[in-house]
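S.K.:
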Amino acid sequence: MRAVTIQADKSLLIQDRARPDAGDGEILIRVEAAGVNRADLLQRAGFYPAPPGASEILGLEVVGHVEAVGPGTTRFKIGDRVCALLPGGGYADFAVADEGSVLPVPDSLSAAEACCFPEAVFTVWANVFDRARLHPGEVFLCHGGTSGIGVIAVQMARLLGAESVFATAGTDEKCALAVTLGVDRAINYKSEDFVTVMGEAGGADVILDMVGGDYVARNIQACRPDGRIINIAYMNGFKTEVDFRPVLIKRLSLMATTLRARPIAEKRRLRDALEAKVWPFIMDGTLRPVLDSSFALSNVEAAHARMQSGQHSGKIVLLMGEG
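Sequential numbering from 26 applies to the sequence shown in our numbering.
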């Protein structure tokens with residue numbers, strides 16, 4: 026099978042690899058589409074290695090059909106159309122997934138559209154709802170509101186009862202897109218100060234941040250009492266100067282998590298929760314995919330360049346059937 030691996034010089038190579046086998050509790054998926062994530066770029070740069078035992082092949086999410094099932098699997102059968110969260114191995118014609126990280130895909134969605142969801146819904150549920158406990162009636166702020174994660178986060182917040190949803194984005198066009206997804210107020214961070222906007226709105230209960238750097242201190246300012254700030258990335262850096270007095274005074278919680286290396290049992294718990302609370306919105310079309318662009322596997326370098334540029338809105342996807 027074809028698979029994409031990282032070379033010593035950080036270039037990508039499409040090479041022939043042996044097809045993996047499904048082990049206990051696993052399913053083998055014939056991949057139609059694989060999602061491109063910023064984590065892939067970090068792994069390529071040497072900053073986000075695959076966890077022990079995971080495939081060295083890039084790719085954290087796929088859509089396709091069940092090709093084979095391993096011992097101990099109970100839910101899916103050969104031929105089922107599914108999507109899956111992976112610890113690695115997605116940029117390939119076949120990928121193995123733990124059954125507890127797999128979900129059904131509605132026939133109404135193309136492979137590229139369906140690939141907008143796995144990594145994003147797991148990430149948003151794990152962070153915004155499971156860890157930061159966004160409740161109905163609260164105010165939510167999402168930085169990077171038109172990223173592949175952001176476009177799902179703002180919709181999930183709205184669908185699950187947030188009183189108000191705010192998002193930051195870097196252009197007026199991206200801000201307009203965020204509004205169509207249910208954002209009450211989109212903030213162009215290049216021309217507006219999100220701290221000022223949130224202050225006028227009374228502050229946020231939960232902030233999802235991928236920026237880090239100076240945003241850490243600014244998020245603290247933008248929170249209301251008992252607010253929760255959760256980071257899933259630090260694109261502007263891991264180090265900054267912070268005055269912790271308002272954290273104390275406002276009783277704030279600062280959190281940060283990753284998803285990839287969590288135990289299988291933890292991912293199964295998250296899968297079960299989001300399937301009950303979120304997946305019905307995907308199955309009936311209420312939660313919309315936002316597809317930025319798709320690339321043939323042979324054009325994987327262009328897909329990474331698109332991600333690196335930061336110009337995308339929504340998901341970037343590799344299609345296996347296009348070369």
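Ideal Cβ placement from N, Cα and C applies to all residues, glycine included.
Which partner residues of CYS200 appear in the DSSP bridge assignment?
M.R.: In the DSSP output, where bridge partners are listed per residue, CYS200 has none listed.
S.K.: Look at the alpha carbon of LEU202 and the alpha carbon of VAL222, and state the distance between them as a whole number of angstroms.
M.R.: 19 angstroms
S.K.: Is SER80 closer than 9 angstroms to GLY114 when the C-beta atoms are compared?
M.R.: yes
S.K.: What residue range is occupied by the uninterrupted alpha helix (DSSP H) comprising ALA19?
M.R.: Since the first and last residues shown for the chain are 26 and 348, residue 19 lies out of range.
S.K.: Given a cut-off of 9 angstroms, decide if VAL231 and ILE245 are closer than it, judged by their beta-carbon atoms.
M.R.: no
S.K.: Can you say whether PRO288 is buried or exposed, counting buried as having 16 or more other CB atoms within 10 angstroms of its CB?
M.R.: Burial call: exposed.
S.K.: Name the DSSP bridge partner or partners of CYS248?
M.R.: For CYS248, which the question treats as bridged, DSSP gives the partners ALA229.
S.K.: Could you compute how far the alpha carbon of VAL204 sits from the alpha carbon of ARG210?
M.R.: 7 angstroms
S.K.: Between ALA286 and ASP197, what straight-line distance do the alpha-carbon atoms span, to the nearest angstrom?
M.R.: 36 angstroms
S.K.: Give the range of the beta strand (DSSP E) segment to which HIS329 is assigned.
M.R.: Careful: HIS329 lies outside any beta strand (DSSP E), inside the alpha helix (DSSP H) at 325 to 334.
S.K.: In angstroms, rounded to a whole number, what distance separates the CA positions of ARG156 and ARG106?
M.R.: 30 angstroms
S.K.: VAL61: which of VAL88, ASN261, ILE52 sits nearest, CA to CA?
M.R.: VAL88
S.K.: Are the CB atoms of PHE154 and LEU185 nearer to each other than 9 angstroms?
M.R.: yes
S.K.: Among ALA194, VAL149, TYR214, ARG293, whose alpha-carbon lies nearest the alpha-carbon of ARG183?
M.R.: VAL149
S.K.: Within 10 Å of its beta-carbon, does LEU284 have 16 or more other beta-carbons around it, so buried, or fewer, so exposed?
M.R.: buried
S.K.: If you compare alpha carbons, which of GLN180, ILE103, GLN336 is closest to VAL208?
M.R.: GLN180
S.K.: Considering GLU92, what are the terminal residues of the beta strand (DSSP E) in which it resides?
M.R.: 86 to 94
S.K.: Could you say which of GLY95, ARG253, THR30, VAL176 lies nearest to GLY48 if we only look at CA atoms?
M.R.: GLY95
S.K.: Which value, in whole angstroms, describes the spacing of the CA atoms of GLU138 and LEU273?
M.R.: 43 angstroms
S.K.: Classify GLY310: buried if its beta carbon has 16 or more other beta carbons within 10 angstroms, exposed otherwise.
M.R.: exposed
S.K.: Given this structure, state the Cα-to-Cα distance separating ARG69 from SER216, to the nearest angstrom.
M.R.: 33 angstroms
S.K.: Alpha carbon to alpha carbon, how far is PRO76 from LYS275?
M.R.: 37 angstroms
S.K.: Could you tell me the alpha carbon to alpha carbon distance between GLY224 and ALA247, rounded to whole angstroms?
M.R.: Our two residues, GLY224 and ALA247, have alpha carbons roughly 6 angstroms apart in a direct line.
S.K.: Do the stretch 165 to 178 and the stretch 335 to 347 touch if we need at least three Cβ pairs shorter than 8 angstroms?
M.R.: yes
S.K.: Closest to SER278 by CA distance: which of GLY195, ASN152, MET308, HIS168 is it?
M.R.: ASN152
S.K.: If you compare alpha carbons, which of VAL325, ALA229, LEU37, ASP239 is closest to ASN261?
M.R.: ASP239
S.K.: Which partner residues does PHE119 have in the DSSP bridge list?
M.R.: ARG55
S.K.: CA-CA distance, THR193 and ALA178?
M.R.: 12 angstroms
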